[in-house]
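Per the numbering used here: the sequence shown ends with 673, consecutive numbering throughout.
Where is the CB? At the ideal position from N, CA and C, for every residue including glycine.
Beneath this line is the structure, given in structure tokens, with notes to follow.
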Amino acid sequence: MTDGKSGSLTTLTYDKSNHLTGFTVDDHKGTISNYTVTTNAQGLVTQYLLNGQPANSFTTTKVTAAYNGNNRLTQVQVYLESPAVLFVTEDLSYNSNGQLDQLKTALVVTGSKGQDSTVYTYALYTYSNSSTMNPSTITSYSGSATGKTGSPNVTQTFTFDTKHSNGGGFPGSLDSFNTIASNNILTAQSAYHFSSGDTNVNQTFTYQYNSSDYPVSKVYQYNGNSVTDTYTYSNCK
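So, in structure tokens, the structure goes:
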């Protein structure tokens, strides 16, 4: 499968068991990053590692993933610059229905004097029923290592189609809105809460699908602008 994403091209390769083995990212600006992927016996990605030197300090060099006994993602760690420089840790928890109910993010920030500090955020998920994996709302908070604090910073409301999701066409279980949704997002309404009032951002997504009901294109519209992603597949079922 290939994914043309915001001017870049991501190409994924799989083995005979349909387990991801690697991918390349071509930014169409002269940089091609190649990654080797490690999966567990269930075919779930446990690590991908950059082959060669990073193009710049913002290049992802390594990502690791951990799962619980139900094969649900519980932690993601992202490294930049070198496989030893941890950038962000995401811890996921689930409710009794197996739905993602909290995402804790710990982001390492380097200050002006070179010192590192960690910024924590929490996203809480609600659902319209106990069987769907598509969240109806995500509410985000600032926090500390031990939990969220204060009032929400952002409230997001979503609607979805009824077709298959490809996860955005990129390895990893979280899409661009940090969901593990079964279907594709049609609308995302985000309210950013400030002391002076709310700022609202509305986003819409339009898809075309193949005969197996997987998206072959996605048009993302926001503030009068649009971005088109295209997807191609082999042996899509």
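May I have the straight-line CA-CA distance separating residue i from residue j, to the nearest angstrom?
i: Q483; j: F630; result: 38 Å
i: Y450; j: L456; result: 4 Å
i: A501; j: V655; result: 29 Å
i: T642; j: Y650; result: 13 Å
i: V637; j: Y658; result: 8 Å
i: Y645; j: T460; result: 24 Å
i: N487; j: T497; result: 8 Å
i: S653; j: Q625; result: 21 Å
i: N565; j: T582; result: 29 Å
i: L485; j: G534; result: 29 Å
i: Y471; j: G458; result: 6 Å
Since residue i contacts residue j with CB under 8 Å, what's their CB separation in whole angstroms?
i: V545; j: S553; result: 5 Å
Between residue i and the rest of its own chain, which residues show a CB-CB distance below 7 Å, the 5 nearest in sequence each way excluded?
i: F596; result: N570, A617, N619, N620, I621 and L622
i: G579; result: Y556, T557, Y558 and T585
i: L522; result: Q513, Y515 and V544
i: T475; result: H455, L456, V481 and T482
i: S453; result: G479
Give me, in chain order, the residues of the same chain whose beta-carbon lies closer than 6 Å to that of residue i; leave out the 5 immediate sequence neighbours on both sides.
i: Y561; result: L536, D537, P571 and I574
i: A491; result: T467
i: D463; result: S444
i: S609; result: Unreliable placement is indicated for S609, whose pLDDT of 49 sits below 50; the coordinate value is still reported in the next sentence. These residues qualify, in order along the chain: L509 and I616.
i: S493; result: E517
i: A627; result: T591, D634 and N636
For residue i, report the span of its beta strand (DSSP E) as first-last.
i: T674; result: Any question about residue 674 goes unanswered here, given that the chain covers just 437 to 673.
i: P651; result: P651 to Y658
i: N614; result: Run containing N614: none; DSSP gives neither H nor E here.
i: K465; result: Careful: K465 lies outside any beta strand (DSSP E) and carries neither H nor E.
i: K498; result: T496 to Y503
i: Y515; result: L509 to L516
i: L528; result: L522 to Y530
i: A477; result: Where A477 is concerned, there is no enclosing beta strand (DSSP E), given that its DSSP letter is neither H nor E.
i: G603; result: From DSSP, G603 is part of no beta strand (DSSP E); its letter is neither H nor E.
i: T642; result: G633 to Y645
i: S662; result: N661 to T668
Leaving out the 5 sequence neighbours to the left and right, which residues in its chain are closer than 8 Å to residue i when beta-carbon positions are compared?
i: T598; result: N619
Problem set entry | Start-end ranges of the beta strand (DSSP E) lying completely within the stretch 535 to 592, minimum 3 residues | Assignment of beta strand (DSSP E) within the stretch 535 to 592, counting only whole runs of 3 or more residues, yields 536 to 546, 552 to 563 and 571 to 580 in chain order.
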